[in-house]
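As numbered in the numbering used here, residues 357 to 555 make up the sequence shown, in order. Ideal placement from N, C-alpha and C gives every residue a C-beta, glycine not left out.
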Amino acid sequence: MRSEDFILASSSAIRISILEKYSIPFKHIPPACNEDKLKKNNPNLSPSDLSTFLAKEKASSISKDYPESLVLGCDQICLLNNKIFEKPGTRENAITNLKELSSNEHFLIGSYVFVKNGEVISTKIMKTSMIMRDLTDHEIHAYVDKDRPFNSCGSYMFEKNGYKLFKETNGSLEAINGLPFNELKDTINEYRTRKMFGH
């Protein structure tokens, strides 16, 4: 299997590093779609449907140029009481989000969609429960200044120092970090087998 046979439609450093731990050749290419516009144009989708739709669109945007490759699109949504938390973008927004998440249980909804030649081959949705500690304003400010999680949907980077903000999590580390590849690799192995035998 060549690296061109499997493409991760992502520029996420943590997702790329997760994949690099597996002995599967791959390429990674940033998806060619406007995520904000897609969200704006689909306001009535449920959080899990929105996550799956975005993952599919990301994979499909790459599949157009690489029809012979298996493309994996990923999306993760942070959800508290049916409110979706967007990537904060700024220090102020990150602080506001963490104040709201503090001492509460929220969920990370991850969608993982494999596309080949424009067709969806496989879809997996994983929901992870996250219970944050009761954080002081000082702890929140200090954390945001340390990790600068401005491009993370929950305003925390679990893989850096974000894990210290939690008292309980229910899900794998890979799922929390946005790519539970241990749960997805069977799809790749099945694809490799079919390709090997010319199916």
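(request) Only counting runs of 4 or more residues, tell me where the alpha helix (DSSP H) segments fall wholly within the region 448-488, in order along the chain. (result) none
(request) Have a look at ILE433 and LYS541 and give me their C-alpha separation to the nearest angstrom. (result) Start at 1 with the first residue of the sequence shown, and residue 433 comes out as number 77. Start at 1 with the first residue of the sequence shown, and residue 541 comes out as number 185. Each residue's Cα considered, the two are about 22 Å apart.
(request) Scan the region 490-549 and note each continuous alpha helix (DSSP H) run of 4 residues or more that stays entirely inside, going in chain order. (result) 493-503, 529-532
(request) State the CB to CB distance for the pair GLY429 and LYS439, rounded to an integer number of angstroms; the pair is presumed to be in contact (CB under 8 Å). (result) Position 73 of the sequence shown holds residue 429. Position 83 of the sequence shown holds residue 439. At roughly 24 Å, the Cβ-Cβ gap does not stay under 8 Å, so GLY429 and LYS439 are not in contact.
(request) Using the Cα positions of SER511 and PRO387, report the straight-line distance between them to the nearest angstrom. (result) Position 155 of the sequence shown, counting from 1, holds the residue named residue 511. Position 31 of the sequence shown, counting from 1, holds the residue named residue 387. Each residue's Cα considered, the two are about 22 Å apart.
(request) Would you mind sorting ALA411 into buried or exposed? The rule is 16 or more other CB atoms within 10 Å of its CB. (result) Counting from one through the sequence shown, the residue named residue 411 turns up at place 55. ALA411 should be labelled buried.
(request) Quick one: which unbroken alpha helix (DSSP H) runs of 4-plus residues sit fully inside the region 390-446? Chain order, please. (result) 391-397, 403-419
(message) Give me, in chain order, the residues of the same chain whose beta-carbon lies closer than 7 Å to that of MET513; leave out the 5 immediate sequence neighbours on both sides.
(response) Sequence index remark: in the sequence shown, residue 513 carries index 157 (1-based). Taken in chain order, the residues that qualify are ASP503, PRO505.
(message) Could you check whether MET488 and THR525 sit closer than 7 Å to each other, using their CB atoms as the reference points?
(response) As a working note, residue 525 is residue 169 in the sequence shown. As a working note, residue 488 is residue 132 in the sequence shown. Cβ distance not < 7 Å, so THR525 and MET488 don't count as in contact.
(message) Using 8 Å for Cβ pairs, my map puts LYS443 next to ASN507. What's the rounded Cβ distance?
(response) Mapped onto the sequence shown, residue 443 falls at position 87. Mapped onto the sequence shown, residue 507 falls at position 151. With 8 Å as the limit, LYS443 and ASN507 qualify as a contact, their Cβ atoms being about 5 Å apart.
(request) Would you mind sorting GLY518 into buried or exposed? The rule is 16 or more other CB atoms within 10 Å of its CB. (result) The count along the sequence shown starts at 1 and reaches residue 518 at position 162. It is buried - the Cβ of GLY518 has at least 16 other Cβ atoms within 10 Å.
(request) Answer yes or no: do SER407 and ILE465 have a C-beta to C-beta separation smaller than 7 Å? (result) Position 51 of the sequence shown, counted from the first residue, corresponds to residue 407. Position 109 of the sequence shown, counted from the first residue, corresponds to residue 465. In contact: SER407 and ILE465 (Cβ atoms closer than 7 Å).
(request) Label PRO423 either buried or exposed according to how many other C-beta atoms from any shown protein chain fall within 10 Å of its C-beta, with 16 as the threshold for buried. (result) Taking the first residue of the sequence shown as position 1, residue 423 is located at position 67. Counting Cβ neighbours within 10 Å, PRO423 comes out exposed, since fewer than 16 surround it.
(request) Work out the CA separation of ASP490 and SER367 for me, nearest whole Å. (result) Residue 367 sits at position 11 when you count from the first residue of the sequence shown. Residue 490 sits at position 134 when you count from the first residue of the sequence shown. Near 32 Å, if we compare the C-alpha coordinates of ASP490 and SER367.
(request) Go to ILE372, then tell me how far its alpha helix (DSSP H) extends in each direction, as first and last residue. (result) Numbered from 1 along the sequence shown, position 16 holds the residue referred to as residue 372. Looking at the DSSP string, the run of the alpha helix (DSSP H) that includes ILE372 is 369-375.
(request) With distances taken Cα to Cα, identify the nearest neighbour of CYS509 among TYR547, ILE451, ASP421. (result) By 1-based counting over the sequence shown, the position of residue 509 is 153. It is ILE451.
(request) Mind checking who PHE382 pairs with in its DSSP beta bridge? (result) Counting from 1 along the sequence shown, the entry for residue 382 is found at position 26. The partner list for PHE382 (beta bridge, DSSP) is empty, contrary to what the question assumes.
(request) Can you check DSSP and say which residues form a bridge with ALA365? (result) Stepping through the sequence shown from its first residue, residue 365 is reached at position 9. Answer is GLY429, bridged to ALA365.
(message) Tell me which residues share the same chain as ALA531 and place their Cβ nearer than 8 Å to its Cβ, disregarding the 5 neighbours each side in the sequence.
(response) Within the sequence shown, numbered from 1, the residue matching residue 531 stands at position 175. Contacts found: LEU464, GLY466, MET482, THR484, GLU539.
(request) On a CA-only basis, which of PHE409, ASN449, ASN400, ALA369 is nearest ASP501? Give me that one, please. (result) Locating residue 501 in the sequence shown gives position 145, counting from the first residue. Looking at the Cα atoms, ASN449 is the closest of the given residues.
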